[in-house]
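Residue numbers for the sequence shown follow the working numbering, beginning at 78 and rising by one.
Every residue, glycine too, gets a C-beta built ideally from N, C-alpha and C.
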Amino acid sequence: MIARKQIPATEIDKQKEYMRRVRNASKERGAHAYAYVDTYGCQQNEADSEKLRWMLQEMGYELTDDEFKADVIAINTCAIRENAENRALGNVGALIHTKKAKPSQIIAFCGCLAGIPESVEKIRQSYRHVDLVFSPDKLWRFPELLFRTLTAKGRLFDTDVEDGMIAEGLSSHRDNAIKAWLPIMYGCNNYCSYCIVPYVRGRERSRSLDAILEEARTLIAQGYKDITLLGQNVNSYIAEDTLTGFPDLIRKINDIEGDFLIRFMTSHPKDASVDLFRAMAECEKAAKHIHLPFQSGNDRVLGLMNRGYTREGYLNKVAAARGLMPDIVITSDVIVGFPGETEEEFEDTLRLVERARFDAMFTFIYSKRPGTPAAELEDTSTREEKQVRFDRLIDLQNAISEEKHAQYVGKTVRALVDSESHDDRYPLKARTNGGRLVHMLGSAELVGKFVNATITHSNSWSLFGELST
Ligand code: 5AD
Ligand code: SF4
């Protein structure tokens, strides 16, 4: 059974009361108040930041990107790899200058790093200009925490990760009027041996079907055209009351009237079922794209990673997806230099990439995360060896992506224009149904519209196109 604890509506109402109190207090001061939210890491963090921004606006703050102007700064951090951690900590360190210039400034440290006791201790000892620290499960309590920080002396730490929390009834300030994130579940139960996420985001729990469908209907009524369902492992979504699983969730969202696309991420290969591929194939609004991280092409390494599938099992899933959707775009994640990975084992990864022929791939060098089982394993390859493997993988994937993208040239595809660009030669950016980026010719009024784009040329990373005539 899934450990799931819905925060009572009375608690959420209490937070709304705190929002009013903070807003009234800043109104009384008469001055204009600004807030800055800085986000690191994945889409879940982006979605969390949109909630923080909504709460801050409700509390009377105007949003800014200027750290010196901000009365409140929230740094929403990522812990997945050491460089993400260092970047966030480096930027938090630099805020000592903004605080000096504006001593009343409140600096809040949140996100995944705030769920790791060692990182919290570092903040407590060495980053004394940080006023408030709260772990990801406390996001819904931000109004109360901010109120208490503003009204009490001293620093506030609320960082004991509580398991299974689900908060409904809080809104989001969405950055984009066309694409929206829609979290459907939180946490992760997979404990891949290299990954810190299960420790900081707690156990898997799914939002109720009604809450998700209502949010989806609202987004569609507001004109959103591209909705990404978010979860660490969306395939293990299960509505507690109706026992609706992920494929049926896609079907139910597909039934909502309107012209929009359903995307999702991330999908764990061990739980990606034929029924999921069937649902994707039969639902016309489901984007024909799956992000299916394989992490390694070698069975011994996959076992050490605790991934729960084999190389052949993975390739069979890819074949099953392509069998039902010949044009499906498949993207993936891979880690090189996992502790003990030999040269031959790495070659298995190269060979898997050759066989799977991903449209795009995110390649990461293994980063040791203290507290995870892999951190205890002996690391046998040097940083330089890992870099060589990394470069070889990138070169191979770039060549495959280039070939795959070249196949679009001369074809006309449906694409959603999602923004203007900063490139005068191609003023628009669009995405194909499979999520490939198209640099487009055309004018700003096309933003937010589905268009037919004729692809004129391509490279490893993207397509270039014009409106079809
Ligand atoms: N080191 C390197 N990459 C990692 N990932 C997760 N944990 C680590 C780590 N410790 C990668 C995985 C995952 C992606 C989001 O980040 O490939 O799919
Ligand atoms: Fe980390 Fe594995 Fe969970 Fe993904 S599925 S968040 S890699 S533990």
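Judged by DSSP in its simplified three-state form, Ile-407 adopts strand.
Taking a C-beta distance under 8 Å as the contact criterion, Val-413 and Thr-440 qualify as a contact pair. Residue pairing of Ser-535 in beta bridges, as defined by DSSP: Leu-540. Taking each of His-499, Gly-542 and Lys-215 in turn and checking the Cα distance to Lys-488, the smallest one comes out for Gly-542.
For Lys-256, the enclosing beta strand (DSSP E) has its first and last residue at 256-260. Ser-478 places its beta carbon 8 Å or farther from that of Val-524. DSSP places Glu-497 in the uninterrupted beta strand (DSSP E) bounded by 489-497. By the neighbour-count criterion, in which 16 or more other beta carbons inside 10 Å mark a residue as buried, Gln-309 falls on the buried side. Burial check for Lys-128: the Cβ neighbour count within 10 Å reaches 16 or more, so the residue is buried. Residue state for Gly-390 is assigned as helix, using DSSP reduced to three classes. One alpha carbon belongs to Tyr-263, the other to Glu-281, and they sit about 6 Å apart.
In the same chain as Ile-173, and ignoring 5 residues on each side of it, the C-beta atoms closer than 7 Å to its own belong to His-206, in chain order.
Asn-529 sits in a strand when the DSSP states are folded into three classes. Unbroken beta strand (DSSP E) runs of no fewer than 3 residues, entirely contained in the stretch 337-401, are found at 338-342 and 366-368, following chain order. Between the beta-carbon of Leu-353 and that of Asn-393 there is about 14 Å, and that puts the pair past the 8 Å contact cut.
Relative to ligand 1, even the nearest heavy atom lies 7 Å or more away from the CB of Ile-200.
Between Ala-358 and Ile-333, the C-beta gap is not smaller than 8 Å, which leaves the two residues out of contact. Around the beta-carbon of Asn-122, 16 or more other beta-carbon atoms lie within 10 Å, marking it buried. Distance from the CA of Val-169 to the CA of Ile-152, rounded to the nearest whole angstrom, comes to 7 Å. With a cutoff of 7 Å, Tyr-271 counts as near ligand 1, since its C-beta is closer than that to a heavy atom of the ligand. Pairing Lys-146 with Tyr-111, the inter-Cα distance amounts to about 7 Å. When C-alpha distances from Ser-520 are compared across Thr-226, Leu-544, Leu-223 and Phe-337, the shortest belongs to Leu-544. Secondary structure note for Phe-423: its alpha helix (DSSP H) is the uninterrupted segment 420-433.
When C-alpha distances from Ala-102 are compared across Thr-87, Asp-125 and Met-136, the shortest belongs to Met-136.
A direct Cα-Cα distance of roughly 28 Å separates Leu-307 from His-499. With a beta-carbon spacing of about 15 Å, Arg-284 and Cys-265 fall beyond the 8 Å limit used to define contacts. Counting along the chain, the unbroken alpha helix (DSSP H) around Val-99 starts and ends at 86-106.
DSSP, reduced to helix, strand and coil, places Gln-309 outside both helices and strands of the structure shown, so it counts as coil. Note on Arg-158: 16 or more other CB atoms within 10 angstroms of its CB, so buried under the neighbour-count rule. Note that the C-beta distance between Arg-508 and Leu-493 is below 8 Å. For Phe-341, the CB stays at least 7 Å from every heavy atom of ligand 1. Across the set Val-378, Ala-451, Pro-324 and Arg-434, the C-alpha of Val-378 shows the shortest separation from the C-alpha of Glu-421.
Ile-200 and Ala-298 have their C-alpha atoms roughly 43 Å apart. Remark: the C-beta of Ile-412 is in contact range of ligand 1, defined as less than 7 Å to any heavy atom. Between Leu-454 and Pro-403, the CB-CB gap reaches or exceeds 8 Å. In this chain, Asn-163 is not harboured by any beta strand (DSSP E); it is covered by the alpha helix (DSSP H) spanning 159-178.
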